[in-house]
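Asker: Questions regarding the structure given below will be posed in turn.
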Amino acid sequence: MTDVPTFRYHPDPVATGEVITGNAPCRCCGRQRGFIYTGPVYSAEEVVEELCLWCIADGSAATLFEAEFTDVADVPDDVPRAVLTEVLTRTPGFSGWQQEHWMFHCADAAAYLGKVGYEELLAIPEALEMVQRGVSDTYLRALSATGESTGYLFQCRHCGAHLAYCDHV
Ligand SMILES: [Zn+2]
Ligand SMILES: [Zn+2]
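Taking our numbering, the leading residue of the sequence shown gets 616, the next gets one more, and so forth.
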C-alpha cells in the first residue's frame, strides 16, 4: 500500500473519518483497494460508501457518476477555477450536520483538518474567533466533534491560518 493517493485539500481523510478501511469493492474501478470513501457524493445516482480513494483522486469517480464530493458557496473571486474543480471532483468531501461548505484563504482552497469541539478550538484562538462570531457563548461551549453542534476546521496551505465554521443538527 505504497501508492495511497494524497489530497492536498484533505490531507488525512482517514483521520477525519470520511474514509474507512475495508475490503468492499469500488463501484467505479471494481477493485478492492482497502479504502472506502464514506463522505457525501452529490450525483443523480445514489453512491454510498462505494468509492475508493484512487477513483476520487484521478477524477474517474466524478466523471462516471457526474458527481461532486462537496459544496462550495461564497467562493472568493481570486480562487482559480482549477482549484474549485479539484475540490469539487477530486477531493474527498466531509459530512456536516447542514450542507457543508469548503473554506478558502490566500486565493486557494484551504485544507480540511476535521471536526472540532470547543476544547479543540480553545487551543486555536484564531479559529475560535471565527466560530465565535454570531453564536452565543452557551452554543460555543457546547460545540463538540461528536455532538449535535460541531465545528469544522481548515488550515490555509500558504499562510498557515486556521479557519473554522460551525453548524448543528
Ligand atoms: Zn476505485
Ligand atoms: Zn492564508
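Each residue gets a CB set at the ideal place from its N, CA and C atoms; glycine is no exception. Nothing here was measured: the structure is a model prediction, and the numbers come from that model.
Which partner residues of valine 731 appear in the DSSP bridge assignment?
Answerer: In the DSSP output, where bridge partners are listed per residue, valine 731 has Gly766.
Asker: Classify histidine 773 as buried or exposed, calling it buried when 16 or more other Cβ atoms lie within 10 Å of its own Cβ.
Answerer: With fewer than 16 Cβ atoms within 10 Å of its Cβ, histidine 773 is classed as exposed.
Asker: Is the distance from the Cβ of glutamate 665 to the Cβ of arginine 642 below 8 angstroms?
Answerer: Yes.
Asker: From the DSSP output, read off the bridge partner residues of alanine 636.
Answerer: Residue identity differs from the one stated: residue 636 is threonine in this sequence, not alanine. According to DSSP, which records beta bridges pairwise, threonine 636 is partnered with Phe650.
Asker: Buried or exposed for glutamate 735, going by 16 or more other Cβ atoms inside 10 Å?
Answerer: Classification of glutamate 735: buried, given that the 10 Å Cβ count is 16 or more.
Asker: Determine the extent of the beta strand (DSSP E) in which aspartate 782 is found, giving its start and end residues.
Answerer: It spans 777–783 - the beta strand (DSSP E) in which aspartate 782 sits, taken as one unbroken run.
Asker: Specify whether the stretch 702–710 and the stretch 658–674 touch according to this definition: at least 3 beta carbon pairs, one from each stretch, less than 8 angstroms apart.
Answerer: Yes, the stretch 702–710 is in contact with the stretch 658–674.
Asker: Could you tell me the distance, in whole angstroms, from the CA atom of tyrosine 780 to the CA atom of methionine 745?
Answerer: So the alpha carbons of these two residues sit roughly 7 angstroms apart.
Asker: Tryptophan 712 to asparagine 638, Cα distance in whole Å?
Answerer: Distance between the alpha carbons of tryptophan 712 and asparagine 638 is about 28 angstroms.
Asker: With DSSP as the reference, label glutamate 744 as helix, strand or coil.
Answerer: In the structure shown, glutamate 744 sits in a helix (DSSP, three-state: H, G or I).
Asker: May I have the straight-line CA-CA distance separating histidine 783 from threonine 765, to the nearest angstrom?
Answerer: Between histidine 783 and threonine 765, the C-alpha separation is close to 6 angstroms.
Asker: Hey, is alanine 742 close to ligand 2, as in C-beta under 7 angstroms from one of its heavy atoms?
Answerer: For ligand 2, not one heavy atom lies less than 7 angstroms from the Cβ of alanine 742.
Asker: Considering serine 675, what are the terminal residues of the alpha helix (DSSP H) in which it resides?
Answerer: Taken as a continuous stretch (DSSP letters only), the alpha helix (DSSP H) holding serine 675 covers 675–680.
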